[in-house]
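Engineer:
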Amino acid sequence: MALLPRKRLESQQNPYLHFIIRHVRHRPVIFFGLPFISTLLVGSVMLSRLTQTRYDYQATRVQSLNHADKLKLDQDQANRKPFDLREEYFKLSQPEASQLVSQLQASTQETPSSTPHSKSKKIKNWQDWDGEQVRVQRPAGAPEWGGVDPRTQSPEIGTRLV
1 MALLPRKRLE
11 SQQNPYLHFI
21 IRHVRHRPVI
31 FFGLPFISTL
41 LVGSVMLSRL
51 TQTRYDYQAT
61 RVQSLNHADK
71 LKLDQDQANR
81 KPFDLREEYF
91 KLSQPEASQL
101 VSQLQASTQE
111 TPSSTPHSKS
121 KKIKNWQDWD
131 GEQVRVQRPA
141 GAPEWGGVDP
151 RTQSPEIGTR
161 LV
């Protein structure tokens, strides 16, 4: 059986195609890398312009207030109830509305001179708590500020931090 005859490449027939194929084999970066990188750069520039157009469009949607709208907002703020931190605390901490109303009435009727503030008072019932934080006594040997020095013994005898 005879071997198949060898066909000549079209590049050998066409001198321009032969020139291009020869240079692609010797310098693939020029023919593949540069077009790829240039596509990325052109795409980046086009996307930045598209993004700028998007932000410009969003900026046109924002409108400034005219005088009538400003007056309406000022009137709405004047009719609002003032913000009270105690009220918000009781709303979040207690789900029952009846307790909230009674505590709010009690807290608004008290004057600062009528409630004694002592740091050592004991709270027996959570309904009696006025929201003041009470500092507990430090263990013997604990420094006032910061933690315990890890090279020394901790206040609990027999344990070390390091």
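1 is the number of the first residue of the sequence shown in full-length UniProt numbering; add one for each residue after it.
Note that beta-carbon positions come from the ideal geometry of N, C-alpha and C, so glycine has one too.
1) Check for me: the alpha helix (DSSP H) holding R49 runs from which residue to which?
2) Hey, would you say V24 sits closer than 9 Å to F31, going by beta carbons?
3) Between E144 and R135, is the Cβ-Cβ spacing less than 9 Å?
4) With a Cβ-Cβ cutoff of 9 Å, do R86 and G141 count as a contact?
5) Rounded to the nearest angstrom, what separates F83 and A68 at their Cα positions?
6) State the Cα-Cα distance for the pair K72 and S64, rounded to the nearest angstrom.
7) For Q94, which of A59, D74, Q127, Q77 has the nearest alpha-carbon?
8) In angstroms with no decimal places, state the Cα-to-Cα distance between T39 and V29.
9) Check D128 in the structure and name its three-state DSSP category.
10) Quick check: the Cα distance between L4 and I21, rounded to an integer number of angstroms?
11) Specify the secondary structure class of Q137 as computed by DSSP and reduced to three states.
12) According to DSSP, is A91 helix, strand or coil?
13) Taking DSSP as the reference, what is the three-state secondary structure of L71?
Structural biologist: Taking the structure as given:
1) The count along the sequence shown starts at 1 and reaches residue 49 at position 49. Annotation for R49: the continuous alpha helix (DSSP H) segment containing it runs 34-61.
2) Your numbering for residue 24 matches position 24 in the sequence shown. Your numbering for residue 31 matches position 31 in the sequence shown. Yes; because the gap between Cβ atoms is below 9 Å, this pair is in contact.
3) Indexing the sequence shown from 1 puts residue 144 at position 144. Indexing the sequence shown from 1 puts residue 135 at position 135. No, they are not a contact pair.
4) If you number the sequence shown from 1, residue 86 lands on position 86. If you number the sequence shown from 1, residue 141 lands on position 141. Contact annotation: R86 and G141 have beta-carbon atoms that are not nearer than 9 Å.
5) On the sequence shown, residue 83 is found 83 positions in, with the first residue counted as 1. On the sequence shown, residue 68 is found 68 positions in, with the first residue counted as 1. Taking the Cα positions, F83 is about 26 Å away from A68.
6) For the purposes of this step, residue 72 is identified with residue 72 of the sequence shown, where counting begins at 1. For the purposes of this step, residue 64 is identified with residue 64 of the sequence shown, where counting begins at 1. Distance between the alpha carbons of K72 and S64 is about 14 Å.
7) Within the sequence shown, the letter at position 94 stands for residue 94. Checking every option, the nearest Cα to that of Q94 belongs to Q127.
8) Working through the sequence shown from its first residue, we reach residue 39 at position 39. Working through the sequence shown from its first residue, we reach residue 29 at position 29. Rounded to the nearest whole angstrom, the C-alpha separation of T39 and V29 is 14 Å.
9) If you number the sequence shown from 1, residue 128 lands on position 128. In the structure shown, D128 falls within a helical segment according to DSSP collapsed to helix, strand and coil.
10) Position 4 of the sequence shown, counted from the first residue, corresponds to residue 4. Position 21 of the sequence shown, counted from the first residue, corresponds to residue 21. Going from the Cα of L4 to the Cα of I21 covers about 25 Å.
11) Translated into positions along the sequence shown, residue 137 becomes position 137. The answer is coil: DSSP assigns Q137 none of H, G, I, E or B.
12) In the sequence shown, the residue the question calls residue 91 occupies position 91. According to the sequence displayed, residue 91 carries Lys and not Ala. Of the three classes helix, strand and coil, the one that applies to K91 here is helix, per DSSP.
13) By one-based count along the sequence shown, residue 71 stands at place 71. When DSSP states are grouped into helix, strand and coil, L71 belongs to the helix group.
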